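Taking it in order: structure first as structure tokens, then the write-up.
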Amino acid sequence: MQNSFDDIIEKLDNHELWDFPGGVFPAERKTLSNQTPIEKSPIPERLYVTVKQHIGVEGQIIVDVGQKVLKGQALTKSMNPFAVPIHAPTSGEIAAIHKHVSAHPSGLPELTVEITSDQQDKWTKLCPLIDYQNKPKMQVLAAICDAGISGMGGAGFPTHIKSSPKKDVEFLIINGIECEPYITSDDRLMREHAWQIRQGIDVLCHLLKPKHVLIGIENNKPEAIEALQVACRENPNYRICSVPTKYPAGGEKQLIQVLTNREVPAQGLPVDVGVIMHNVGTCFAIADAIFAGKPLIERVVTVTGEAVESPGNIWALIGSPVAHLLAHCKYKQAGQKQPNIIMGGPMMGFSVTSDLVPVVKTTNCILAPTDNEIAGNNEQPCIRCSACADVCPASLLPQQLFWHSKAKELDKAQDYNLFDCIECGACAYVCPSEIPLVHYYRIAKSEIRVEQEDKQKSDKARERFEKREARLIAEQQTRDEKHRLAAEARKQAMASNGNNAKDKIAAALARAKAKKQNASIVDEQPIAPTKVAPANQSEQEAKTEASDVSTKAASSNQRVQAAIARAKAKKAAAEEAVTETELKEKVDAGDLIENKPDVKQQDNDVKLVSEQSPQAKVNTQADVTDSRPTADVSQQHQEPNKADSKQAKIAAAVAKAKAKREAQKISNSDTASNPAPAAKVNSPQTKISVELAKTEEQQIDMKKRRIAAAVAKAKAKKAAEIAATSKEDKPS
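Start counting the sequence shown at 315; every next residue gets the next number (the numbering used here).
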């Protein structure tokens, strides 16, 4: 059970603290660099600004090669809450955007913006937020994010995320321990800029609303403790805590345990125990961003080591090559057999692979030791002495972690809480076999992270595939359901249509009967006898009858019948031409009698009509009636001269023959289309078809009779005119 807030304050009032397990006491070697004030580094000719310098994701680059930039101008923008922008450390021109060696133990190239300095150091427009207390918290957090501030004492976690927790905060701890040997950047910063650090603490208190502020400083930094006591004396909630010197007291979990006796759970965060921790360098950067509007473009870096002639602390621009800072401090490379440059301290730092490695936001020290200053790598087999386990501040089993990490048994290494290791190097420091234990732990962690990333990618791919399959199945089911419903609808429609079939058949039969009745009424109308009339009157009658026929044939309901009638008319004309030729030959041979009209033939025609069907009888009688006036006309003009009336007789004979032929065709057609009722039509559809066929045939026969009568009258008229003309022309 963790201590309550009141118990912690009571013990702190008594100047009592807690302790953490393990720890070592290496040589400090801090006096090499903490004796002189912080110096200003000259502007390098080229700066290499790494795009991603924090935990999270990189921002989106918003500059192009060849573009002029000003000091403090943003080079990237945040497209994600865990993205922190970077800024131009000085004015100049974007020389390149490419991959460059990174400030990482692996030295793998990372995306970098290369800037060529113009040495003018001209600032961009700054936007301070002096009255931050009257601004919304989100606006203050946005200003911190836009300034590109991330944790400057450890892993580089985005400050705006860390300063907006979802849980209540009891203690805000400001880490000024700086426990690692050689490093004095925070020490000199607290001595020289205690007031700005206090301003940064004020901003954090405005955002976090903690109950109490604890500023932890190791007791080997009396000047820094005094400077902050003076700066914070006005606020009783700001407490300066002098912490005993022991490595690694500056670790996040270890310092929380020392000041509050609260332990952060495995895989947990300090806010889970009511604590938020920030570094003194981060507080200084927050004060610069809020009160001056300056982004994070420089930081204090300790350049030290016995291989450096003038060690000290420097305001180094972010992106400055390590070689530039070493040259400024007069690095004695010529006297080293195996030059070794370490970024960070001797316990947690790493050797750089190139002197062009740039300074990043988390760089606090550049160590250049001599060949004899730091022991070399003389790894020997493990002797199982358990010294590493005794000094581990996280209470782990470094020996077991070493075995599993070296054997690539990553699952077992995780079972021994590999990720609780803070990589402080205490185990490697005390190892008699000089085994670089932290090196093995880092490799194992890196491999596990790669596996986890691959697993996350595969899980996401599997989830996408499963969602896609589920979506396709759902779409197929939807389509099947639509098809099923459509099929049911069709079945219902067919069933309803079947119920109404009888009504539709009855309606069709009624329509057919009505058409039949109309046709019979037209057929029963008598045809007036034709008399010889003047030429104009006969032509007008012929045109009128033809127009009537054409008009009826052109109606929408009888278009098919009109086409059939036209075809039969053409055929009848052809037959008429043949008949006229035959009759002319008979007349020339004396087969036709001049003085007697062919009344007998007409009587035979009438007799034939009486023997036919009623419909054919009416048609034939009409034809015979039309032909008799023709014979009478021919008899009126036969007296003058037999030779002159020959043409008229031929025409009359042609008309009678045509009438007879038409009567026979109609009789045959009626006989074929109206056979004896041998079989009864059972289905209603068949009855409808038969009735419709009969009606159509009757209409066609009626049209044919009218056309034949008109043609016969016209020919008789023409024959009479010819006979009259020949009689007039004969001399008396």
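Note that the Cβ used here is the ideal one computed from N, Cα and C, for glycine as well. Only a predicted model underlies this, so the values are computations on that prediction, with no experimental measurement involved.
Range of the contiguous beta strand (DSSP E) that encloses residue i
i	result
GLU548	It is not in any beta strand (DSSP E) - GLU548 carries neither H nor E in the DSSP assignment.
GLU424	423 to 431
GLU532	526 to 532
GLU330	Taken as a continuous stretch (DSSP letters only), GLU330 belongs to no beta strand (DSSP E), as it is neither H nor E.
GLY470	Run containing GLY470: none; DSSP gives neither H nor E here.
ARG360	360 to 364
GLU407	406 to 415
ILE488	485 to 490
Euclidean distance between Cα positions of residue i and residue j
i	j	result
ALA803	ILE878	43 Å
GLN806	ASP794	18 Å
SER665	GLN513	35 Å
LEU639	PRO653	16 Å
ALA682	SER416	18 Å
ILE375	THR404	17 Å
THR430	GLU612	17 Å
ILE475	ASP602	18 Å
ILE656	THR574	34 Å
ALA397	VAL371	5 Å
ASN533	PRO558	6 Å
LYS769	LYS535	47 Å
GLY582	PHE733	11 Å
LEU1024	ASN832	One detail in the question is off: residue 1024 reads as Ala in this sequence, not Leu. In a straight line, the C-alpha of ALA1024 is about 23 Å away from that of ASN832.
ALA621	GLY649	8 Å
TRP437	MET504	26 Å
ALA973	ALA881	18 Å
ARG798	ALA824	39 Å
TYR362	ILE408	10 Å
TYR446	SER420	41 Å
ALA708	ASN448	43 Å
ALA703	GLY564	19 Å
GLU566	LEU331	16 Å
PRO291	LYS608	Residue 291 is absent from the model: the chain starts at 315 and stops at 1046.
ARG698	SER747	10 Å
ALA1054	CYS546	Outside the displayed span of the chain (315 to 1046) sits residue 1054, for which this structure offers no information.
VAL752	CYS738	8 Å
MET452	SER477	11 Å
VAL271	ILE352	Residue 271 lies beyond the range of the chain shown here (315 to 1046); nothing can be said about it.
PRO524	HIS412	43 Å
GLU492	CYS706	18 Å
GLU548	ASN593	21 Å
PRO562	PRO660	13 Å
First through last residue of the alpha helix (DSSP H) which encompasses residue i
i	result
ILE458	451 to 460
LYS476	473 to 476
GLU506	499 to 506
Residue i beta carbon near the ligand GDP (any heavy atom closer than 7 Å)
i	result
VAL705	Among the components of this structure there are no ligands whatsoever, and the ligand GDP is therefore not found.
Outcome for residue i when other beta-carbon atoms lying within 10 angstroms are tallied against a minimum of 16
i	result
ILE688	exposed
SER700	exposed
GLN568	buried
SER997	At SER997 the pLDDT is 47, less than 50, meaning the model places this residue with poor confidence and gives no usable figure here.
ARG1020	buried
LEU486	buried
LEU786	exposed
PHE779	exposed
GLU434	Inspection of the sequence shows that residue 434 is occupied by Gln rather than by Glu. Classification of GLN434: exposed, given that the 10 Å Cβ count is below 16.
THR350	exposed
ARG763	exposed
- Message: Threshold first: 4 residues or longer. Then list the alpha helix (DSSP H) segments lying entirely within the segment 676 to 751, N to C.
- Response: Along the segment 676 to 751, the alpha helix (DSSP H) occurs as fully enclosed runs of 4 or more residues at 701 to 705, 712 to 720, 724 to 729, 740 to 744, listed in sequence order.
- Item | the segment 346 to 358 / the segment 496 to 510 touching (three or more Cβ pairs under 8 Å) | Touching, yes, given that three or more Cβ pairs across the two stretches are closer than 8 Å.
- Task: Please specify which runs of the alpha helix (DSSP H), each continuous and at least 4 residues long, are wholly inside the segment 561 to 639, giving them in chain order.
- Result: The segment 561 to 639 contains these whole alpha helix (DSSP H) runs: 566 to 574, 594 to 601.
- Item | Cβ contact check for the segment 706 to 726 and the segment 670 to 688: 3 or more pairs under 8 Å | no
- Count the CB pairs spanning the segment 476 to 486 and the segment 617 to 633 that are closer than 8 Å, and state whether there are at least three. no
- Query: Using 8 Å as the Cβ pair cut-off and three pairs as the minimum, do the segment 545 to 553 and the segment 418 to 434 touch?
  - Reply: no
- Message: With a threshold of 8 Å, are at least 3 pairs of Cβ atoms found where one atom belongs to the segment 718 to 730 and the other to the segment 759 to 776?
- Response: Yes: the two stretches touch, three or more of their Cβ pairs being nearer than 8 Å.
- Message: Using a Cβ distance threshold of 8 Å, determine whether the segment 591 to 600 contacts the segment 506 to 520, with at least three qualifying pairs required.
- Response: yes
- Message: Tell me whether the segment 378 to 396 and the segment 438 to 455 touch, counting them as touching only if at least three CB pairs, one residue from each stretch, are closer than 8 Å.
- Response: yes
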